[in-house]
């Protein structure tokens, strides 16, 4: 058996509602599991036709937030509205599509039979159902595999079918929870192209990931999530500008494997306004000439420099700057 797919739709997105209500509005949402607060007061609004990325490490609260929207998790506080309707209403559920992180397919059915099953869950039958199935197969580039048993498909094909199943009823809002988990680079790029097609056709999308490059390529805005909170929100360029302005990053590694040397290096880095992440010292500078000052000061402090590099900040730089942790930690 499979976990019921919460949603489904074909090749192109439906016309976005002309109502004033946004596709998704979340206000002060909280969800706790025992002593752990998975979602800690998140407030968020999705714009019509926007792809909004939720970027953060495993355990940041992204999947719990998505499951709260689709009704698989009941929040302890706060509210969720989909096109102005409460998230637990029939209107909201009919407007939502969900691609879960786990594959939700019937392995002993063919691709076509899977899509037919999910279509029927949403009230489709007859000619409209077959048209929806054909469109979904075409969108996922699986038309030539329509009669293949799902258990015989590659991992990438299963992921694409999983996404198609979430789109068969033509939802207005699509929630994608790390849809590229466990796929090879070629399959990942194929999935990117599928999502870009939806985005270009005006679909409103929430896309969770802990891969920076996915968020940079697919998302109009990005919400960085950590410990159940949104710690930054904006476009890629806005996030970098807000965190670093026009400054660049310097990464330096120093010799010294023992704990005492590590403590001395960490203390020196902190005195210079930097931070130490995974054994590397990180600084932000306004002009490249400042590197010379850092090198001179490190020599005076008796530190042996092993490697130094200068680069422009990116989303991963922003995350490290805000949290001191790696994105995929």
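In this note's numbering, the protein residues as written are 4 to 332. For each residue, glycine too, the CB sits at the ideal point set by N, CA and C. Predicted model only: the values in this text are computed from it and were never measured.
- Residue state for residue 284 is assigned as strand, using DSSP reduced to three classes.
- The alpha-carbon of residue 272 is positioned some 13 angstroms away from that of residue 299.
- Residue burial is scored here from C-beta neighbours: residue 249 has fewer than 16 other C-beta atoms within 10 angstroms and is therefore classed as exposed.
- When C-beta atoms of the region 32-43 are compared with those of the region 70-77, three or more pairs fall below 8 angstroms, so the two segments count as touching.
- Residue 275 and residue 292 have their C-alpha atoms some 16 angstroms from each other.
- For residue 237, the enclosing beta strand (DSSP E) has its first and last residue at 232-237.
- Per DSSP, the continuous beta strand (DSSP E) segment holding residue 212 begins and ends at 207-212.
- DSSP places residue 153 in no alpha helix (DSSP H); its state is neither H nor E.
- By the C-beta density criterion, residue 150 is exposed, having fewer than 16 other C-beta atoms within 10 angstroms.
- Counting C-beta pairs with one atom in each stretch, the region 136-149 and the region 160-167 have three or more that are closer than 8 angstroms, which means they touch.
- Residue 209 and residue 26 have their C-alpha atoms some 10 angstroms from each other.
- The C-beta of residue 217 has 16 or more other C-beta atoms within 10 Å across all chains shown, which makes the residue buried.
- In this structure, DSSP gives residue 34 an extended state, which the three-state scheme calls strand.
- Taking a cut-off of 8 angstroms on C-beta distances, the region 211-230 touches the region 44-57, as three or more cross pairs fall below it.
- Residue 133 carries a helical assignment under DSSP once its states are collapsed to helix, strand and coil.
- Ranking 111, 30, 109, 113 by CA distance to the CA of residue 71 puts 30 first.
- Spatial neighbours of residue 317 in its own chain (CB-CB distance under 6 angstroms, excluding positions within 5 residues in sequence) are not present.
- With respect to the C-alpha of residue 181, the residue from 205, 118, 227, 102 having the closest C-alpha is 102.
- Annotated three-state conformation of residue 249 is coil, per DSSP.
- Burial state of residue 238 is exposed, judged by a 10 Å Cβ sphere holding fewer than 16 other Cβ atoms.
- Below 8 angstroms, enough C-beta pairs join the region 151-163 and the region 104-111 to call them touching: three or more.
- Where residue 125 is concerned, there is no enclosing alpha helix (DSSP H), because DSSP gives it neither an H nor an E.
- Residue 158 is not a Cβ neighbour of residue 130, given a cutoff of 8 angstroms.
- Contact annotation, residue 98 with residue 175: C-beta distance approximately 5 angstroms; criterion of less than 8 angstroms satisfied.
- In the DSSP assignment, residue 227 falls within the beta strand (DSSP E) that extends over 224-229.
- Assigned with DSSP and collapsed to three states, residue 141 falls in helix.
- Counted as a single uninterrupted DSSP element, the beta strand (DSSP E) harbouring residue 45 occupies residues 39-49.
- When only Cα atoms are considered, residue 62 and residue 200 end up about 29 angstroms apart.
- Distance from the CA of residue 133 to the CA of residue 198, rounded to the nearest whole angstrom, comes to 22 angstroms.
- For residue 310, the beta-bridge partners assigned by DSSP are 256.
- Beta-bridge partners of residue 58 (DSSP): 212, 227.
- Taken atom to atom, the span from the alpha-carbon of residue 34 to that of residue 67 is near 8 angstroms.
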